Structures are given as C-alpha cells and as structure tokens.
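Working notes for the structure below.
Number of protein chains: 10
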Amino acid sequence: MLFKVEMKVNIPYQMPAEQAAEIKAREKEYAQELQRQGKWRHLWRVAGSYSNVSIFDVADNAELQDIISNLPLFPFMEISVAPLCRHPSSIHEDDR
Amino acid sequence: MLFKVEMKVNIPYQMPAEQAAEIKAREKEYAQELQRQGKWRHLWRVAGSYSNVSIFDVADNAELQDIISNLPLFPFMEISVAPLCRHPSSIHEDDR
Amino acid sequence: MLFKVEMKVNIPYQMPAEQAAEIKAREKEYAQELQRQGKWRHLWRVAGSYSNVSIFDVADNAELQDIISNLPLFPFMEISVAPLCRHPSSIHEDDR
Amino acid sequence: MLFKVEMKVNIPYQMPAEQAAEIKAREKEYAQELQRQGKWRHLWRVAGSYSNVSIFDVADNAELQDIISNLPLFPFMEISVAPLCRHPSSIHEDDR
Amino acid sequence: MLFKVEMKVNIPYQMPAEQAAEIKAREKEYAQELQRQGKWRHLWRVAGSYSNVSIFDVADNAELQDIISNLPLFPFMEISVAPLCRHPSSIHEDDR
Amino acid sequence: MLFKVEMKVNIPYQMPAEQAAEIKAREKEYAQELQRQGKWRHLWRVAGSYSNVSIFDVADNAELQDIISNLPLFPFMEISVAPLCRHPSSIHEDDR
Amino acid sequence: MLFKVEMKVNIPYQMPAEQAAEIKAREKEYAQELQRQGKWRHLWRVAGSYSNVSIFDVADNAELQDIISNLPLFPFMEISVAPLCRHPSSIHEDDR
Amino acid sequence: MLFKVEMKVNIPYQMPAEQAAEIKAREKEYAQELQRQGKWRHLWRVAGSYSNVSIFDVADNAELQDIISNLPLFPFMEISVAPLCRHPSSIHEDDR
Amino acid sequence: MLFKVEMKVNIPYQMPAEQAAEIKAREKEYAQELQRQGKWRHLWRVAGSYSNVSIFDVADNAELQDIISNLPLFPFMEISVAPLCRHPSSIHEDDR
Amino acid sequence: MLFKVEMKVNIPYQMPAEQAAEIKAREKEYAQELQRQGKWRHLWRVAGSYSNVSIFDVADNAELQDIISNLPLFPFMEISVAPLCRHPSSIHEDDR
Numbered sequence: 001m002l003f004k005v006e007m008k009v010n011i012p013y014q015m016p017a018e019q020a021a022e023i024k025a026r027e028k029e030y031a032q033e034l035q036r037q038g039k040w041r042h043l044w045r046v047a048g049s050y051s052n053v054s055i056f057d058v059a060d061n062a063e064l065q066d067i068i069s070n071l072p073l074f075p076f077m078e079i080s081v082a083p084l085c086r087h088p089s090s091i092h093e094d095d096r
Numbered sequence: 001m002l003f004k005v006e007m008k009v010n011i012p013y014q015m016p017a018e019q020a021a022e023i024k025a026r027e028k029e030y031a032q033e034l035q036r037q038g039k040w041r042h043l044w045r046v047a048g049s050y051s052n053v054s055i056f057d058v059a060d061n062a063e064l065q066d067i068i069s070n071l072p073l074f075p076f077m078e079i080s081v082a083p084l085c086r087h088p089s090s091i092h093e094d095d096r
Numbered sequence: 001m002l003f004k005v006e007m008k009v010n011i012p013y014q015m016p017a018e019q020a021a022e023i024k025a026r027e028k029e030y031a032q033e034l035q036r037q038g039k040w041r042h043l044w045r046v047a048g049s050y051s052n053v054s055i056f057d058v059a060d061n062a063e064l065q066d067i068i069s070n071l072p073l074f075p076f077m078e079i080s081v082a083p084l085c086r087h088p089s090s091i092h093e094d095d096r
Numbered sequence: 001m002l003f004k005v006e007m008k009v010n011i012p013y014q015m016p017a018e019q020a021a022e023i024k025a026r027e028k029e030y031a032q033e034l035q036r037q038g039k040w041r042h043l044w045r046v047a048g049s050y051s052n053v054s055i056f057d058v059a060d061n062a063e064l065q066d067i068i069s070n071l072p073l074f075p076f077m078e079i080s081v082a083p084l085c086r087h088p089s090s091i092h093e094d095d096r
Numbered sequence: 001m002l003f004k005v006e007m008k009v010n011i012p013y014q015m016p017a018e019q020a021a022e023i024k025a026r027e028k029e030y031a032q033e034l035q036r037q038g039k040w041r042h043l044w045r046v047a048g049s050y051s052n053v054s055i056f057d058v059a060d061n062a063e064l065q066d067i068i069s070n071l072p073l074f075p076f077m078e079i080s081v082a083p084l085c086r087h088p089s090s091i092h093e094d095d096r
Numbered sequence: 001m002l003f004k005v006e007m008k009v010n011i012p013y014q015m016p017a018e019q020a021a022e023i024k025a026r027e028k029e030y031a032q033e034l035q036r037q038g039k040w041r042h043l044w045r046v047a048g049s050y051s052n053v054s055i056f057d058v059a060d061n062a063e064l065q066d067i068i069s070n071l072p073l074f075p076f077m078e079i080s081v082a083p084l085c086r087h088p089s090s091i092h093e094d095d096r
Numbered sequence: 001m002l003f004k005v006e007m008k009v010n011i012p013y014q015m016p017a018e019q020a021a022e023i024k025a026r027e028k029e030y031a032q033e034l035q036r037q038g039k040w041r042h043l044w045r046v047a048g049s050y051s052n053v054s055i056f057d058v059a060d061n062a063e064l065q066d067i068i069s070n071l072p073l074f075p076f077m078e079i080s081v082a083p084l085c086r087h088p089s090s091i092h093e094d095d096r
Numbered sequence: 001m002l003f004k005v006e007m008k009v010n011i012p013y014q015m016p017a018e019q020a021a022e023i024k025a026r027e028k029e030y031a032q033e034l035q036r037q038g039k040w041r042h043l044w045r046v047a048g049s050y051s052n053v054s055i056f057d058v059a060d061n062a063e064l065q066d067i068i069s070n071l072p073l074f075p076f077m078e079i080s081v082a083p084l085c086r087h088p089s090s091i092h093e094d095d096r
Numbered sequence: 001m002l003f004k005v006e007m008k009v010n011i012p013y014q015m016p017a018e019q020a021a022e023i024k025a026r027e028k029e030y031a032q033e034l035q036r037q038g039k040w041r042h043l044w045r046v047a048g049s050y051s052n053v054s055i056f057d058v059a060d061n062a063e064l065q066d067i068i069s070n071l072p073l074f075p076f077m078e079i080s081v082a083p084l085c086r087h088p089s090s091i092h093e094d095d096r
Numbered sequence: 001m002l003f004k005v006e007m008k009v010n011i012p013y014q015m016p017a018e019q020a021a022e023i024k025a026r027e028k029e030y031a032q033e034l035q036r037q038g039k040w041r042h043l044w045r046v047a048g049s050y051s052n053v054s055i056f057d058v059a060d061n062a063e064l065q066d067i068i069s070n071l072p073l074f075p076f077m078e079i080s081v082a083p084l085c086r087h088p089s090s091i092h093e094d095d096r
C-alpha cells in the first residue's frame, strides 16, 4: 500500500555540526536499508530545497508510522502524508 | 528530467454530463499514451479525493508545459509542480 | 485500518431543490449501509456547520478511495483524509 | 458531549532529554487515567506524524478546558478543537 | 454554555433581490426570537463588513447545531465556532 | 465603542518559571482592574487553548492601543482586533 | 478616528456591462462626496490591481460601518479594516 | 524602474470560446507591443500552469497601473506585484 | 512616488532590554528625520498591535529599499510593501 | 533552462555578527561567480525586504539543486522555485 510522503528538513541553528552530521549519517543508512527492503520505493530530492518527495510501500498505516517516527531526522522535519492507490487511467494493473 | 505534478480536478457544476464524460475519456487516452511513451512515469490516485500525484520524465521545462497545457482537463484543474532530481541517499545511480 | 475523514458540504446555489434532496437521500442511505457494514465506524456532525468528522475502517487505501468517491455528495464536498493507527498511550490493544 | 481535539507535539530543541521523557511519562499516565474514566473516549495516532486525533466526552466546555489545559504537554502542543454532536445519518440513537 | 460564532454573509449574485430580502427578513425575526429567549446572548456587527460576532448560550453542542443550521442564511454564510468558558481572570463567578 | 480582541499566549520556553508567574499575576490584576472600570466588558477563555476572546469598551482607537500595549503579556501574545458596532437585528437599542 | 481600509473589487462575470458602469459611477460620486466631507481622508490605487488603500476619519465604528456598507460596490468587494491611531514616533501632535 | 509581476489566468467557464479567443488575441498583441517598447522587459511562462512571470520597466507606479489595468485579460487574472531594484551582489551597474 | 508599507515588530526574547531600548531610540530618531524630509509621509500605529501603517514618498524603488533596509529595527520586523498611485476617484489632482 | 527562484534571508538572532558577515561575503562572491558563468542570469533585490528574485539558467534540475544547496546562506533562507519556459507571446524566439 502506497503513501506519498514529503519531508522538509529544518536543522536548529543551535545544533552542533557534529551532532547534525551524525544524525544525517544515520538517516542515510536507515533510508538506504528501507529502500533495499522495498518499503521506501522512491526517494527524490526537490530541486532548490532541503526537502524530499518519497513513495513508501507498507503493509498498513501502523507500519508507515513506525517507519517515519524512527527516522533520525524525524524531530527536525515537517512531514506531510497522502495515501495513494492505483489510478483508473494507469496502464499498469498494479500500483507501480 | 523528473517533475512531481499534483492535479486536483474541479468540474464546473454547469458542465453538461456528456461534455464532462467526453473530456474525461480524452484525458484518459492522452494520459495512457504519455505513460506508454515513458513521459508520464507514474500516475497515482490520492485516496479520498479527485486528485492525482504524478511523476513526469521530460526533456525540459518546455516539454512539461507542452504536455500539461494540452491535458483535456487542464482548464478544470488546480496544478502544482515541483522539480525533482536524484536524492543523495538514493540507492540508485539514476533518478528511478 | 482507520482513516479520519472530514467532509464539508457545498451545494451549488444553482442546484434545484429536488435534485439536492434526492442526492442527500441517497447519501444518507449509502452512509447508513456502510455504517451497518462496519466500514464507516463513526459519523459525527461538527456543531455549527454543514460538515462531518468520520472514522472509516477499511482494508486499504483503495477501498477508502472506492467508498469516498462513490458518495453521492462527493462532487460537492471538500474532503480531507488522515491515516490513523493505534496510539501508544491508548488503553486498548486494538485501534478502538 | 463530544469534542474532536487534534494535538500536534513540538518539543523545543533546548529541552533536556530527561525532562522531555518525564513530561511524556506523565502525559501517558494522565491520558490513560482519562481514558479509563471515559472522558477521553478515543485516542489515535496520525500516521507519519507526532500528532493525535482524540474524541473527548465531557460535561461541558469548562471541563474540556480543565482537561486539556492540564495536559503535561499542553505548553508544547498546537491544539485545535471542534464541537461534535450526533449526525442525522448516524445509525445510532446516541453520539457513539 | 457559551460559544463564540462568527458569520460572514455571501449572497450569490444570481439570487433575485426579493428572495434575498425575504431570507434576510426571516433571519432577523429568527435572530430576535433567539435573543429574547436568551440563547443568542450577544449579536454585534463587525464594522466595515457583512459579518457578525455572536455569543450563544445553549444547553449543549446539539442545541448549537440545531440553532445554527436553521438560520435562514445558513447556506450563504461562512461560519466559525469557538467553545468558550469562564476565564480565570474574570471578575464574575459565572460566564457573563 | 466596542472591539473584539482575541489573544493567544505563547510563553517562550526559555522564560524562567518565576518570571512567567510574576507576569501572569500582573496580567490578572491589570485585567481585573480594567473589568471593574467597565473597559474590559467581557473576558472568556477559549476552551482547549491558552487564548481568550474579549470585548473592550473604549473611547476610541487610541485608548484601545493604550490598554492593549500595556498588557504585561503583550510581548508574548498573538492579538487580533475587530471593531464592532450595534447589529441591525439586535433587540437592544445600544451595543449591549 | 482613523481606519485603514483596503478594498479589492471583484465584479461577477455575469453582471451586464451597463449595470457595472452604473454602479461604478455611483461609487465614484459617493467616494468623492465623502472625500469632500473629510471622512474619506485618503484614497489610493494599489498599482497593478483593482484595489485601493483608504484612510477613513470617522466619529466611531458605527459611522465606519454606515459608510462602508453603503458603498455601491460593497457586495462585490473583499474589504479589510484596521483601526489606526497616532504613532508615538510621529512628528505631528495629531493623527495626520 | 522594475517590477516583477505574476499573472495567473482564470477564464470563466461561462465565457464563449470566441470571446475568449478574441481577448487572448488582443492580449498577445498588446503584450508584444509593450515588449517592443521595452516596457515589458521579460515575459516567461511558468511551466505546468496558465501563468506567467514578467518583468516590467516603467517610469513609475502610475505607469505600471496604467499598463496592467489595460491588459485585455485583466478582469480574469490574479496578479501579484513586487517592486525590484538593483541587488548589491549584481555584477551589473544597472538593473539588468 | 508612494508606497504603503506595513511593519510588524518582533523583538527576540533573548535581546537584552538595553539593546532593545537603544535600537528603538535610533528607530525613532531615524523615523522622525525621514518624516521631516517628507519621505515618510504618514506613520500610524495599528491599534492593539506592535505594528504600523506607513506611506512613503520616494524617488523610486531603490530609494525605498535604501530607506527600509536602514531601519534599525529592520532585522526584527515583518514588512509588506504595496506600490500606490493616484486613484481615479480621488478629488485631488496629485497623490495626496 | 530557466527557473525563477525567490530567496528570503532570515539570519538567526543568535548568530555572531562576524559569522554573518563572513557568510554574506562568501554568498556575494559565489553569486557573482555564477553570474559571470551565465548560470545566475538575473539577480534583483525586492524593494523593502531582505529578499531577492533570481533567474537561473541551468542544464537541468540537478544543476539547479547543486547551485542552490551550495549557497552559503542556504540554511538561512526560505526559497521557492518555479520552472520557466518561453511564453507564446514573447517577441523572442529563445527564452530571453
């Protein structure tokens, strides 16, 4: 089941640079692991911003919450979620 | 080159049902042709709405404008556009 | 799987009264059938408005879209959707 | 008498982790006590966020204010309130 | 129990002048009857607008909904509602 | 002459608790004095928030500014103002 | 007593051109009479729009409402009002 | 003197196609004449929309108003204006 | 050439009181000097706020930018600008 | 390929003056180098603000992201991006 998730990162000015670097490194590792599992199906940068557009493929709302709330950058992001499904004009039978 | 495009359809109450049906049929045909060409890479319905989230893969801004402005539903949609590119945490080398 | 759905009704001024009455009667029948099936788990009026707050219990996003887009008042409502799940402070084991 | 309350938590970056943990522990205890009393009738997490959707069943506006303003996280939340009542299309005689 | 209600009137351009006058006359009669009953405790015009600020004193949310949804101008107003209660700095013991 | 004023309090997280308590105590004393003078005609809490809805009765705009800008919490509030006058449907001859 | 009033004109597409011209002619006459009386102290066009910024000098809120609600274009304008008073850094003793 | 002007076109559904075509033809002619005069310095389409971003070079605010308010599409556009000037980091001595 | 400028002051909580007082004193002196030069034509307080509405009379956009960006409070204000010109219904031949 | 980019600078109050000066110096140097390369085609100040309107000419979205995210002030700006292309009413054959 798909969700479009948009995340905008706001690192507090007060955060020490090493702490920020460490959180971002964990975020990257976590994001890549979820991509390899097929749960984070797409991850794109929005050009000209510190934001991304993502497509998650999860079993249900609870799994989405579990994945998002464990993002290392979770406390420092504005996040919006939209549930997706197959479009009737899609040429695919599934939700590709 | 990728763009996320969100489209929300607002058919005027005054539009005759047959006209609406005819426009929607042309919209579907057009959308499927562009999907087959690989230019409309993804097309999802936002659950609970008459909206979609789409990913377009076009040569440049001018081609995006050409495709979007020729949508049969173009005059009846609110449309927002965000330019996308590869995310540094993506596990793919390209913009998949 | 739960979704909070808020619906605000805007009947066009031009709609004949009989047509509006007929649509509302079908909406009521449809809403009650879905409540009896357990898919429309809660339905409340927002006091002082022509709006409701609803909780849907569906199999997945596609079923939510199927139910909402078939509401007789669908073309005449502003609708917002939020995916829900069990809260860690809930005293229930399920999503009650 | 029912109210829908939405709460979005924003913990200040400067708050020490132990203080945050202590406030959250009190919040959980308080929320569970109110659920057992039947005053906090429903409590759901909004998937992909640090937010909840709640339904309160209180005697009047004053009791709602009393309950909400005593939430340990009250100073750190954006809160919105909507008064609810039975919907004319509900299949229940009460406000269930 | 008090509610602040703000109402902004938008008469459609297409409405015949006599119909508008008839609705406004019924609105005035209805508003004055509710004031005499003590349920519409205060009614002020917002200077420079076709809007009012009102204070309603009702038994519960259901009565508020009953009163508001029966306003003759109800379909032609944007309405916002805020539940009120006694302020701890009030010099009155009640909600005056 | 009446004004509706809405005030939403935002105490900075960094403010020491004693300072906040001292400011709130002065705010209460000041608010009660103005109520006794008849200038702060109504003061209600918005249920579920750290906000109030107030009705001021002042000689002119300058007196409103004088009163509001001297509120001890003035630097820590979002404030909105609407000028009011007698409504043509009021049952009172004055602006009660 | 001064108020800043901003007015944005939205003539409905359906209004016949002669009716629009007649309303605008009355609006102009009315605006000029109020300027001559000193009640409409300033009237400026916002460049690039069908809007104005105005300063009214009236006895009280009720007179402001009387003047604004009698504007021939009143039903076709979005209007916002802000009460003004002398600024403490003004070089004038009055509200010039 | 430069202004950035953004224009978003909203043709009413009720406008006959020939009328719309005639207005757009006049708009194009007018826009090209102003470009040739150097007053409409830049004119770009926003990709994926029926909008433009324009840079006007005019003598003063009054000339801007004169040019914009005479656009044949003026009644059917949302327009926003921002005054521009040379940026201190520009490599040009003028406002190029 | 006229511009309406609205300025809303937000002094950071962390700023020492003496620093704030010193900045405000310089702001006042600067504002009065510009009023005496005729460039800051009107300066009004918005009643119930820490905001002003101002009318500037400057040679061009560059002078406006020069004046505004040198305000001692510039880094601590939200500022909005609207270019003005003579209104066709004004009774004055100039932009008074 | 052109993009309109608007940037609004918000320097945190806590940032030491020397650090701010150093960042701004690097920003200026970087902006001028990009202008000389022809990639930052236009750079204008918005009068009355700490903002700019810019036109970038880049190969694709990825280059835009590369340029913008390397701005020394990037963490301290609100940035909005709009993709541009030749307007059908332009008198130029290219995107000038």
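Residue numbers (the UniProt record's numbering), protein chains in the order written: chain L, 1 to 96; chain P, 1 to 96; chain V, 1 to 96; chain Y, 1 to 96; chain F, 1 to 96; chain U, 1 to 96; chain W, 1 to 96; chain Z, 1 to 96; chain D, 1 to 96; chain A, 1 to 96. In this text, a Cβ means the ideal position worked out from N, Cα and C, and glycines have one as well. These numbers were taken from a predicted model, which means no experiment stands behind them.
* To do: Taking only the alpha-carbon atoms, compute the straight-line gap between VAL9/L and TYR30/V and give it to the nearest angstrom.
  => For this step, residue 9/L is matched to residue 9 along the first sequence. For this step, residue 30/V is matched to residue 30 along the third sequence. Cα to Cα, the separation comes out at about 43 Å.
* Whole alpha helix (DSSP H) elements within the region 17-64 of chain F, 4-residue minimum -> Listed in chain order, they are 17-36.
* Going along the chain, which residues of the region 55-66 of chain P sit with their C-beta nearer than 8 Å to a C-beta in chain A? -> Taking 8 Å as the Cβ-Cβ cut-off against chain A, the residues of the region 55-66 of chain P that qualify are ASP60, ASN61, ALA62, LEU64, GLN65.
* beta strand (DSSP E) segment containing GLU78/D, residue limits -> Translated into positions along the ninth sequence, residue 78/D becomes position 78. GLU78/D -> beta strand (DSSP E) spans 77-86.
* What first and last residue would you give for the beta strand (DSSP E) that runs through MET7/V? -> In the third sequence, residue 7/V corresponds to position 7, counting from 1. Element bounds for MET7/V: 2-9.
* To do: Kindly confirm or deny that the region 83-90 of chain P and the region 10-28 of chain P touch, where touching means at least three C-beta pairs closer than 8 Å.
  => By the Cβ test, the region 83-90 of chain P is not in contact with the region 10-28 of chain P, since fewer than three Cβ pairs between them sit closer than 8 Å.
* To do: Kindly say whether PRO75/L, judged by its beta-carbon, lies nearer than 7 Å to any beta-carbon of chain V.
  => On the first sequence, residue 75/L is found 75 positions in, with the first residue counted as 1. For PRO75/L, no Cβ of chain V is located within less than 7 Å of the residue's own Cβ.
* **Spatial distance of SER80/Y from GLY48/U (CA atoms)** => Here residue 80/Y refers to the residue found at position 80 when the fourth sequence is read from its first residue. Here residue 48/U refers to the residue found at position 48 when the sixth sequence is read from its first residue. Answer to the nearest angstrom: the Cα atoms are 8 Å apart.
* Asked: Could you give the C-beta distance for MET1/Z and ASP60/D, rounded to a whole number, given that I count them as a contact under 8 Å?
  -> The count along the eighth sequence starts at 1 and reaches residue 1/Z at position 1. The count along the ninth sequence starts at 1 and reaches residue 60/D at position 60. MET1/Z to ASP60/D, Cβ: 5 Å. Contact.
* Asked: Listing by chain order, which chain P residues have their CB less than 7 Å from the CB of ARG86/A?
  -> One-based indexing of the tenth sequence puts residue 86/A at position 86. By Cβ distance, chain P contributes ALA62.
* Would you mind sorting HIS42/Y into buried or exposed? The rule is 16 or more other CB atoms within 10 Å of its CB. => Locating residue 42/Y in the fourth sequence gives position 42, where the first residue counts as 1. Here HIS42/Y is buried, its C-beta having at least 16 other C-beta atoms within 10 Å.
* Can ASN70/D and MET7/D be called in contact, C-beta distance under 7 Å? -> By one-based count along the ninth sequence, residue 70/D stands at place 70. By one-based count along the ninth sequence, residue 7/D stands at place 7. Result no, Cβ atoms of ASN70/D and MET7/D do not sit closer than 7 Å.
* When burial is assigned at 16 or more other CB atoms within 10 Å of the CB, is ARG96/P buried or exposed? -> As a working mapping, residue 96/P is identified with position 96 in the second sequence. Exposed is the call here.
* Asked: In this structure, does DSSP put ILE91/L in helix, strand or coil?
  -> Within the first sequence, the letter at position 91 stands for residue 91/L. Look at ILE91/L here: in three-state DSSP terms it is coil, with no helix or strand label.
* To do: Could you pull out every residue in the same chain whose Cβ sits closer than 7 Å to the Cβ of VAL46/L, ignoring the five residues on either side in sequence?
  => Here the question's residue 46/L lines up with position 46 in the first sequence. Only residues of its own chain outside the window of five on either side were considered, and among them ASN52, VAL53 have a CB closer than 7 Å to the CB of VAL46/L, listed in chain order.
* To do: Below 6 Å CB to CB, which residues in the same chain sit around LEU34/V once its five sequence neighbours on both sides are set aside?
  => Sequence index remark: in the third sequence, residue 34/V carries index 34 (1-based). Only TRP40 meet the Cβ criterion.
* **Pairwise C-alpha distance: PRO72/V and PHE56/Z** => As a position in the eighth sequence, residue 56/Z is number 56, starting the count at 1. As a position in the third sequence, residue 72/V is number 72, starting the count at 1. Cα to Cα, the separation comes out at about 49 Å.
* Asked: So which residues on chain D does ILE91/W lean against when the C-beta distance must stay under 7 Å?
  -> Counting from 1 along the seventh sequence, the entry for residue 91/W is found at position 91. In chain order: GLN32, GLN35, ARG36.
* Asked: Does any CB atom of chain P fall closer than 7 Å to the CB of VAL53/V?
  -> Your numbering for residue 53/V matches position 53 in the third sequence. By this cut-off, VAL53/V is not an interface position.
* Asked: Using the beta-carbon of each residue, which ones in chain Z are nearer than 9 Å to VAL5/D?
  -> By 1-based counting over the ninth sequence, the position of residue 5/D is 5. Think of a sphere of 9 Å around the beta carbon of VAL5/D: no beta carbon from chain Z falls inside it, the nearest being about 11 Å out.
* **Distance between GLN14/W and TYR13/Z (C-alpha atoms, nearest Å)** => Looking up residue 13/Z in the eighth sequence gives position 13. Looking up residue 14/W in the seventh sequence gives position 14. It is roughly 11 Å from the alpha-carbon of TYR13/Z to the alpha-carbon of GLN14/W.
* If the cut is a Cβ gap below 7 Å, which residues of chain P does PRO12/V touch? -> The residue given as residue 12/V occupies position 12 in the third sequence. Residues of chain P passing the Cβ test: TYR13.
* **Chain-ordered neighbours of PRO16/W on chain D, where CB pairs are closer than 9 Å** => Start at 1 with the first residue of the seventh sequence, and residue 16/W comes out as number 16. Ordered by position in chain D, no residue passes the 9 Å Cβ test against PRO16/W, which lies about 22 Å from the chain.
* To do: Rank GLN37/U, VAL5/U, PRO75/U, SER89/U by C-alpha distance to the C-alpha of ALA17/D and give the top, closest one.
  => The residue labelled residue 17/D in the question sits at position 17 within the ninth sequence. Proximity to ALA17/D across GLN37/U, VAL5/U, PRO75/U, SER89/U peaks at PRO75/U, based on C-alpha coordinates.
* Would you mind working out which of LYS4/P, GLU27/P, GLU93/P sits nearest residue 105/L, comparing C-alpha positions? => Nothing in the structure corresponds to residue 105/L, since chain L is present only between 1 and 96.
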